[in-house]
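Engineer:
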């Protein structure tokens, strides 16, 4: 590679070089009959071997050569970017174009035409069909030909999931299967003749199988969980959650009855710990072989003869024992858990798993579903297109979740059908939303536009809507969609990027919405990406018509069929939960209501809303009162506030929580220091609010929680940290866990470094920096608790890297803070996270 001339920067060239690409200028040195031009210094080739060329004649035009390459690649089912967008013509020989392949047009430009003439038909055909070509076009690396998957795919090696832990979360019961023949296959493989030592093991395993056949799992379960199955004095589903330790003890009791011929006293204690791993790990964490056999004393197990053995025999014993443990977990423990317990995550604890006995879960879930069938109508026929539904617990009940990304019988799911429409609608409306916000950047813009000319003390009210999606009337949807789509014709184009992260290559697909069809090179022309990126055309383009999109959206909303407990239900009203469009349609609908009814209320204040969470900020209390009076008469529009979750900095929540049946019917207004009340009674005897006068002296310094933030009367914002939630937010990666955690550092700080909390005008800037560091170091502590061992050098490197990355992000966001002060904040957060306790252990 010495002496090569690259027009790319050195680090970008290294990205290409590490895969074996070399300059086409250097590659053609082996062919002395070819004149090399300056143009080919911007082209790079990956070829595994040189080909002998006997003829350099040009009998075909450039178009004919390209067509010949495409026909060859399609005929032999080769994966190559050259044939992307083309399919075989079934009527005859040749091909037809489904989507235009714009990268092939590069070969028809002058520079390529000249070099193709120099190389001749034979060498050109070889380069296009057997090699991979990358060209520097306008400072961007564009892949023209080659198999992307074979070159950049398949680099990541995962851990084999030997224990199918996901079966615990399936709806159907998994049967306990104990069979001696299957057990022998799991341990020894398909082996028929056993030596003396293996014969000794088979005898011990036969005892285990006989004991397992005799034991009554149901009776043991009934004795252990008699209290949990009793529904007396239990009102909420979370009152019935079963402690993991009790399930662990139940499984261990069963083990002692049937596995006495396998484990000794010490190894029984280790086995109990392994059962805890099965039950206590988070939702998406796996169990690998090392987790199953670590800490066991293999030679002390009763299935092996008690004698000294050679290293080779010891390794064989480890393999046999690993096979036994995999069998026990997959065929005994997991089926027992799935048969007697319902396992699920909740809406308030991220990935933490909760367990409920099947009896209690069926009772509460059935009662909830039957009581909330007003939005659904039972369908008595089997439906080909449906979305499976399930309930997940909330602190005060359940939440119905439908999986509209579920594919039935190989057909496209509803969300995949709506994905392109969602991209178009979001692209058209995201910048025109007024009170509704979707991104954190929009929240910051709303706050900055309001805080330019405000007084110090502000009244803040946070309130959300009851059953938001279910109560939105669909009769207004067509009108809103007609307003939202700004054009009659749209086009979706895709392109892909290949980037390198450490030793792995990541392929990402990017979708571009436009009103006209743009060539691939035009799409990436003005796109800014980080270094070491290769672009290639996805060769996909799809055209959409406004009327057809609106009709399809209305049809999908009005014909949403869910499947729950093997029965089908049609949703009669509201937006479907789990639909990719629901949150955006909800924001558009409430923006439409704002324009029609609510915006006229606010002159001094502002309304900010994230989906169904309303935040009202104003210096005039009458605006809040007018807002509540206007919205209390909008039930026909699906506006009904959940007063149980109201929050403010002036005490109105105490008044409403204690004294309301509905907001318009207030029986008693107590005399609070902050509130002077006037009441009028109408002809029907109902109490109405005519005026509530507040003094700014009564505004408290308390923070109001909204969308992960806490806001005070001076509009200073801090993070709203839910420690119980983020404790279960870490998924431990068992494939190079340290490297995996280190790679997430930048994404963590970049995600949490929102301008709304990290800006120079926020008096709590340093506190927010401390909180971000503190949460990060707490995550490190959780990570270390899962790790097999702790490397103090690695931990110091994590701390150093986190400080460096976070400070660079703050500089990029123009946040001025002295480095020494910033460093001391990081050290104090590290100290308060008490990570050193893990190292001392």
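In UniProt numbering, the protein residues as written are 1 to 841. Every residue gets a Cβ at the ideal spot worked out from N, C-alpha and C, and that includes glycine. Just so you know, these numbers come straight off a predicted model, no measurement behind them.
Which residue's Cα is closest to the Cα of residue 813: 751, 788, 798?
Structural biologist: Answer by Cα proximity: 751.
Engineer: Write down the C-beta distance between residue 858 and residue 436 rounded to the nearest angstrom, noting that I regard them as a contact closer than 8 Å.
Structural biologist: Examination of residue 858 is not possible in this model, given that the chain is present from 1 through 841 alone.
Engineer: Answer yes if the region 269-289 comes into contact with the region 327-345, meaning at least three C-beta pairs across the two stretches below 8 Å, and no otherwise.
Structural biologist: With a cut-off of 8 Å, the region 269-289 and the region 327-345 count as touching, because enough Cβ pairs lie within range.
Engineer: Helix, strand or coil, according to DSSP, for residue 486 in the structure here?
Structural biologist: In the structure shown, residue 486 sits in coil (DSSP, three-state: anything other than H, G, I, E or B).
Engineer: Under the three-state reduction of DSSP, which class applies to residue 632: helix, strand or coil?
Structural biologist: DSSP places residue 632 in coil when its eight states are reduced to three.
Engineer: What's the call for residue 364, buried or exposed, on a 16-neighbour Cβ count within 10 Å?
Structural biologist: Residue 364 comes out buried.
Engineer: Are the CB atoms of residue 82 and residue 73 within a distance shorter than 7 Å?
Structural biologist: Yes. Within cutoff.
Engineer: Rounded to the nearest angstrom, what separates residue 617 and residue 107 at their Cα positions?
Structural biologist: The alpha-carbon atoms of residue 617 and residue 107 are separated by roughly 60 Å.
Engineer: Buried or exposed: which applies to residue 199, given that a residue is buried once 16 or more other Cβ atoms fall within 10 Å of its Cβ?
Structural biologist: The residue in question, residue 199, is exposed, as its Cβ has fewer than 16 Cβ neighbours within 10 Å.
Engineer: Bridge partners of residue 387, per DSSP?
Structural biologist: DSSP output for residue 387 lists 562 as bridge partner(s).
Engineer: Please list the terminal residues of the continuous alpha helix (DSSP H) segment that includes residue 314.
Structural biologist: Per DSSP, residue 314 belongs to the alpha helix (DSSP H) from 311-328.
Engineer: Taking its Cβ as the centre, do 16 or more other Cβ atoms sit within 10 Å of residue 24, making it buried, or is it exposed?
Structural biologist: So residue 24 ends up on the buried side.
Engineer: Quick one: what does DSSP say residue 764 is sitting in, helix, strand or coil?
Structural biologist: Reduced to three states, the DSSP call for residue 764 is coil.
Engineer: Assuming residue 598 and residue 627 form a contact by the criterion Cβ under 8 Å, report the distance between their Cβ atoms to the nearest whole angstrom.
Structural biologist: Yes, they are in contact, since the Cβ atoms of residue 598 and residue 627 sit about 7 Å apart, within 8 Å.
Engineer: Could you name the residues of the same chain whose beta carbon sits closer than 8 Å to that of residue 209, not counting the 5 residues immediately before and after it, in chain order?
Structural biologist: 178, 179, 180, 183.
Engineer: Counting C-beta neighbours from all protein chains within 10 Å, is the total for residue 701 16 or more, i.e. buried, or is it exposed?
Structural biologist: Classification for residue 701: exposed.
Engineer: Return the first residue and the last residue of the beta strand (DSSP E) that residue 145 is part of.
Structural biologist: Here the beta strand (DSSP E) through residue 145 covers 140-145.
Engineer: Going by beta-carbon coordinates alone, are residue 520 and residue 537 separated by less than 7 Å?
Structural biologist: Closer than 7 Å, so yes.
Engineer: Would you give the residue range spanned by the alpha helix (DSSP H) that residue 738 belongs to?
Structural biologist: From DSSP, the alpha helix (DSSP H) with residue 738 extends over 737-743.
Engineer: Whose C-alpha, out of 589, 593, 556, is nearest the C-alpha of residue 576?
Structural biologist: Out of 589, 593, 556, 556 has the C-alpha closest to the C-alpha of residue 576.
Engineer: State the Cα-Cα distance for the pair residue 185 and residue 264, rounded to the nearest angstrom.
Structural biologist: Those two C-alpha atoms are separated by around 24 Å.
Engineer: Rank 729, 786, 304, 642 by C-alpha distance to the C-alpha of residue 736 and give the top, closest one.
Structural biologist: With distances taken between Cα atoms, residue 736 lies closest to 786.
Engineer: At the level of alpha carbons, what is the spacing between residue 292 and residue 396?
Structural biologist: Cα to Cα, the separation comes out at about 37 Å.
Engineer: If you count every other CB in all the chains shown that lies within 10 Å of the CB of residue 642, and 16 or more means buried, which is it?
Structural biologist: Residue 642 comes out exposed.
Engineer: So what's residue 393 in DSSP terms, helix, strand or just coil?
Structural biologist: Of the three classes helix, strand and coil, the one that applies to residue 393 here is strand, per DSSP.
Engineer: Apart from the five residues on each side of it in sequence, which residues of its chain come closer than 7 Å, Cβ to Cβ, to residue 383?
Structural biologist: Around residue 383: 561, 568.
Engineer: If you check the beta carbons only, do residue 403 and residue 387 fall under 7 Å apart?
Structural biologist: Yes, the Cβ-Cβ distance between residue 403 and residue 387 is below 7 Å.
Engineer: Does the pairing of the region 278-287 with the region 299-319 give three or more beta-carbon distances under 8 Å?
Structural biologist: No: fewer than three Cβ pairs fall under 8 Å.
Engineer: Tell me which residues share the same chain as residue 201 and place their Cβ nearer than 6 Å to its Cβ, disregarding the 5 neighbours each side in the sequence.
Structural biologist: The answer, listed in chain order, is 303.
Engineer: Do the CB positions of residue 84 and residue 539 come within less than 7 Å of each other?
Structural biologist: Cβ distance < 7 Å, so residue 84 and residue 539 count as in contact.
Engineer: Starting from residue 85 and walking both ways along the beta strand (DSSP E), at which residues does that stretch end?
Structural biologist: Element bounds for residue 85: n/a, residue is neither H nor E.
Engineer: Nearest to residue 240 by CA position, among 593, 231, 764, 248, is which residue?
Structural biologist: Of the candidates 593, 231, 764, 248, the one whose C-alpha sits nearest the C-alpha of residue 240 is 231.
Engineer: Quick check: the Cα distance between residue 226 and residue 197, rounded to an integer number of angstroms?
Structural biologist: Taking the straight line from one Cα to the other gives about 44 Å.
Engineer: Using 7 Å as the threshold, is the C-beta distance between residue 508 and residue 541 below it?
Structural biologist: Not closer than 7 Å, so no.
Engineer: Using the C-alpha atoms, what's the distance from residue 246 back to residue 206?
Structural biologist: About 29 Å.
Engineer: Quick one: measure Cβ to Cβ for residue 242 and residue 301, integer angstroms, because I've assumed they're closer than 8 Å.
Structural biologist: The Cβ separation is near 31 Å, so there is no contact.
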